[in-house]
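What follows is one structure encoded as structure tokens, with my remarks underneath.
Numbering (the working numbering), first residue to last: 1421 to 1505.
As structure tokens, this is what we get:
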């Protein structure tokens, strides 16, 4: 259930950040990527034995984000910042 809430929160966060940054892909990708990295780290530390759910939730948010924006640049930049976060 936590992962479903995390997916919803991640999608709402993407919408809010897109609105506040006027679709600046570099800033949006940086903020979202850092958030995703922090959330992934949180869920992996909370339940290290069952990490598949955390990665599945991350992949779901990335897939939905890519389908909505169709931007390979934003997708790649968000992935890089997720690793940093």
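Every residue gets a Cβ at the ideal spot worked out from N, C-alpha and C, and that includes glycine. Predicted, not measured: the structure shown is a model, and the values here were computed from it.
Measuring alpha carbon to alpha carbon, tell me which residue in the options is nearest residue i.
i            : options                : result
residue 1425 : 1478, 1501, 1452, 1457 : 1478
residue 1427 : 1484, 1501, 1489, 1491 : 1484
residue 1486 : 1429, 1422, 1445       : 1445
For residue i, count neighbouring C-beta atoms within 10 Å of its own C-beta (all shown protein chains included) and say buried if the count is 16 or more, exposed if not.
i            : result
residue 1448 : buried
residue 1502 : buried
residue 1469 : exposed
residue 1429 : exposed
residue 1460 : buried
What is the residue span of the alpha helix (DSSP H) that residue i lies within?
i            : result
residue 1457 : 1445 to 1466
Practice task
Count the C-beta pairs between the stretch 1494 to 1503 and the stretch 1448 to 1464 that are closer than 8 angstroms, then say yes if the count reaches three, no if not.
Solution key: yes
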